[in-house]
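Take a look at the structure set out below.
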Amino acid sequence: METTINKTLFDGWGFDSARPVVIAGPCSAETEEQVMDTARRLTKTRTQIFRAGIWKPRTRPNSFEGVGVKGLKWLKQVKDETGLLTTTEVANAQHAYEALKYGVDMLWIGARTTVNPFTIQEIAEALSGVDIPVFVKNPVNPDVELWIGSIERLQKVGITRIAAVHRGFSSFSENRYRNAPNWQIPIELRRVRPDLPMICDPSHIGGKRSLLQEISQKAMDLNYDGLMIETHPDPDFAWSDAKQQITPEELGVLLDSLILRRPISATNGFTHKLEELRGEIDRLDQELLNILEDRMKVAAKIGHVKKDNGITILQPARWDQIISKYLEVGQARGFSDEFIRKLFMAIHQESINTQTKVMNG
Ligand code: PEP
Ligand code: MN
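Residue numbers (the numbering used here): 35 to 395.
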């Protein structure tokens, strides 16, 4: 099984696809000097593709919304002077026409665009007959189907080189991350579309410099093909996303720090060991389900007792007791509070559903 180097996935993309493929550059193109300074300094790292946002989708109005078309000339200059390939975000058909006109090598679709089938369709039509490589970021909401749908719309107009970019998912609750990674979603995309290269964007997942290395390493351990990392000559003074950008030199250090684990080779005994351990995991998962099934049967019995005595399903004090108790037990066993909370909330919700059926059945 191919697990580490997916060289073939980037065949025909026009660059050396040694893993990880690196896309770097500022969140936004600000000035010609800032763009050129970043690009020149990036040539000393293993960056292959230079990124810069020209039209910026900002959450609130009155923020810097990008320099517009003049930035495309700077991208052209980057390409001519440094030989780096260039990419920018297109969020509507007009952007796509302009980017093509100025010879941008690759395009990316932002998270706020992937959510909208109409916009994607318009962009796809603007690109019809132009087989340019496109990076498709995940939609802001955790919906793998929507992500796949956008990719399919682009494929339908004849775009053959598409990579998925995992940039995390927004949520209402305060989180360690700016955009929660929900790793299971890109993993699911990979399962159903193993033909697509997968790029991680640790900048938008983490939202802060201190998390970039850890997220990048995790992506490598999950066998991602590349990284997109925002890089600025003077990050604290960036006009957008200042907290998450790093200098080209810091990017170099980060890339050098990544541990690329060996591919699985069928010839070493390690494949066998791995299969054995996976078998063990499968058995344990099966047991977990058996136990959960028993637990739900008890929950159903409780439902009957509650029904017969005319009391409500939810007993908040009881629920509070359960969660406090297991947070403590979980801590003693080395589980994070977040995991215990999520686990018991899911189990509790399923019990409530079971009891609701009993009550109303
Ligand atoms: C960006 O890459 O700067 C950007 C706006 O990304 P996203 O669409 O992931 O928010
Ligand atoms: Mn950004």
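C-beta: ideal position from N, C-alpha, C; glycine also.
Counting along the chain, H382 sits inside no beta strand (DSSP E); it lies in the alpha helix (DSSP H) bounded by residues D371 to N394.
The distance from the Cβ of E156 to that of A127 is about 4 Å, consistent with a contact at the 8 Å cut-off. Distance check between L180 and each of F169, A334, L223 and T72 places L223 closest, using alpha-carbon atoms only.
Inclusion of A58 and F84 in the CB contact set at 8 Å is warranted, their separation being smaller than that value. Per DSSP, reduced to three states, the secondary structure at F206 is coil, with no helix or strand assignment.
Secondary structure remark: continuous beta strand (DSSP E) runs of at least 3 residues inside the stretch 294-336: none found. In this structure T116 is not in contact with A63, their Cβ atoms being roughly 15 Å apart against a cut-off of 8 Å. Sequence-distant partners of T81 (beyond 5 residues in either direction) whose C-beta falls short of 6 Å from its own C-beta, in its chain, are V56 and A58. D71 sits close to P267, with the two beta carbons spaced by under 8 Å. One alpha carbon belongs to G102, the other to Y131, and they sit about 13 Å apart.
With fewer than 16 neighbouring CB atoms inside 10 Å of its own CB, N96 falls in the exposed class. For I219, the CB contacts under 6 Å within the same chain, skipping 5 residues up- and downstream, are P176 and V178 in chain order.
Per DSSP, I182 is one residue of the alpha helix (DSSP H) stretching across V178 to K190.
A distance criterion of 7 Å places the beta-carbon of R227 beyond contact range of the ligand PEP, judged by its closest non-hydrogen atom. Taking L246 as the centre and dropping the five residues before and after it, the same chain places the C-beta of P236, S237, G240, I263, Q278, I280 and L288 closer than 8 Å to its C-beta, in chain order. In terms of side-chain proximity, the C-beta atom of D268 is found no nearer than 7 Å to any non-hydrogen atom of the ligand MN.
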